[in-house]
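**Student:** All letters in the sequence shown, in the order written, are residues 1 to 212 by our numbering. My structure is below; once you've seen it, I'll send some questions.
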Amino acid sequence: MHPQRKYSLPAVPVTKEGIKIYERDLGLNVRSLRGKAVLDIGAGYGKFQEECQELGIPVIALDPVYRNPKKVSECFEAYLKVARNRRNKIVGINETLPFRENSFDVVLSNCSSFHYLYLNYPRNRRYEMAKEMFEEIIRILKPSGEARICKVRQRSKDRIIYDTALKKIAKQSYPNISWKFVTIVISRKLDGKKSFGFEEYLVLHKLAKGVH
Ligand SMILES: C[S@@+](CC[C@H](N)C(=O)[O-])C[C@H]1O[C@@H](n2cnc3c(N)ncnc32)[C@H](O)[C@@H]1O
Numbered sequence: 001m002h003p004q005r006k007y008s009l010p011a012v013p014v015t016k017e018g019i020k021i022y023e024r025d026l027g028l029n030v031r032s033l034r035g036k037a038v039l040d041i042g043a044g045y046g047k048f049q050e051e052c053q054e055l056g057i058p059v060i061a062l063d064p065v066y067r068n069p070k071k072v073s074e075c076f077e078a079y080l081k082v083a084r085n086r087r088n089k090i091v092g093i094n095e096t097l098p099f100r101e102n103s104f105d106v107v108l109s110n111c112s113s114f115h116y117l118y119l120n121y122p123r124n125r126r127y128e129m130a131k132e133m134f135e136e137i138i139r140i141l142k143p144s145g146e147a148r149i150c151k152v153r154q155r156s157k158d159r160i161i162y163d164t165a166l167k168k169i170a171k172q173s174y175p176n177i178s179w180k181f182v183t184i185v186i187s188r189k190l191d192g193k194k195s196f197g198f199e200e201y202l203v204l205h206k207l208a209k210g211v212h
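Below, the structure is given as structure tokens:
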């Protein structure tokens, strides 16, 4: 694990997505999570966690905003008011995950640490931080585990940063990983008009030993 980092909360827009959006934007089938150890990084309100809980699928939610409601900004206090169920909500950041290695079958990150890399860190530190965040996810994933991360911002350098960081990790420390970027078409309704846009998510596999 990396030494504890100081973390100041960024001005991240508040969202409160549940199963429907997680399934769409991460290419996920929630029923496949049954019986698995699941972590949601940057879970925010924890709506996804609550909806999974209702289906009998426990999910650990991690977010820096669970730290101390008194110290966070008004917008983050709102998170805590809505977060009715504080059980399985853990304070933490992707850069330093407070879990032992090989702890989770599935790690999810919807519109969170990677998406806000550009808000949290200056341009010259994004590569280093992306690498650190991937290393942490891979460390806590069990062999055969997978991570799903979105949104990979299109028309930005993020995708190149992620790919380069993962190539370096695969070369240096974890030769047993594989990953792919998946493009999806999202339809939106804006001012009563339907439009389409492309988005990407990343699927990362930590392969069992001996599998290449
Ligand atoms: C836009 S919200 C998304 C919340 C939830 N995943 C959803 O889809 O509704 C982004 C969340 O990411 C969290 N976040 C930002 N940077 C993070 C980091 N480095 N590690 C963990 N969480 C982070 C923020 O605190 C915020 O709650």
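We put the beta carbon where it would ideally sit given N, CA and C, even for glycine. Just so we're clear, the structure is a prediction, and the values are computed from it rather than from any experiment.
Is serine 144 buried or exposed, if buried means 16 or more other CB atoms sit within 10 Å of its CB?
**Tutor:** Burial call: exposed.
**Student:** Alpha carbon to alpha carbon, how far is asparagine 110 from glycine 231? Give it in angstroms, no decimals.
**Tutor:** With the chain running from 1 to 212 in the structure shown, residue 231 is simply not present.
**Student:** Between which residues of its own chain and serine 112 is the CB-CB distance below 7 Å, once the five residues before and five after are set aside?
**Tutor:** Cβ within range, chain order: Ile41, Gly42.
**Student:** So, does the stretch 131-139 touch the stretch 187-200, judging by three or more C-beta pairs under 8 Å?
**Tutor:** With a cut-off of 8 Å, the stretch 187-200 and the stretch 131-139 do not count as touching, because too few Cβ pairs lie within range.
**Student:** So is lysine 157 buried or exposed if we call it buried at 16+ other beta carbons inside 10 Å?
**Tutor:** Result: exposed.
**Student:** Using the C-alpha atoms, what's the distance from leucine 207 back to asparagine 29?
**Tutor:** The straight-line gap from Cα to Cα measures roughly 20 Å.
**Student:** Pull up the distance between the alpha-carbon of asparagine 176 and that of proline 122, whole angstroms please.
**Tutor:** The alpha-carbon atoms of asparagine 176 and proline 122 are separated by roughly 30 Å.
**Student:** For phenylalanine 114, name the three-state secondary structure that DSSP assigns.
**Tutor:** If DSSP states are grouped into helix, strand and coil, phenylalanine 114 belongs with coil.
**Student:** With hydrogens ignored, establish whether the beta-carbon of asparagine 94 is closer than 6 Å to any heavy atom of ligand 1.
**Tutor:** Yes.
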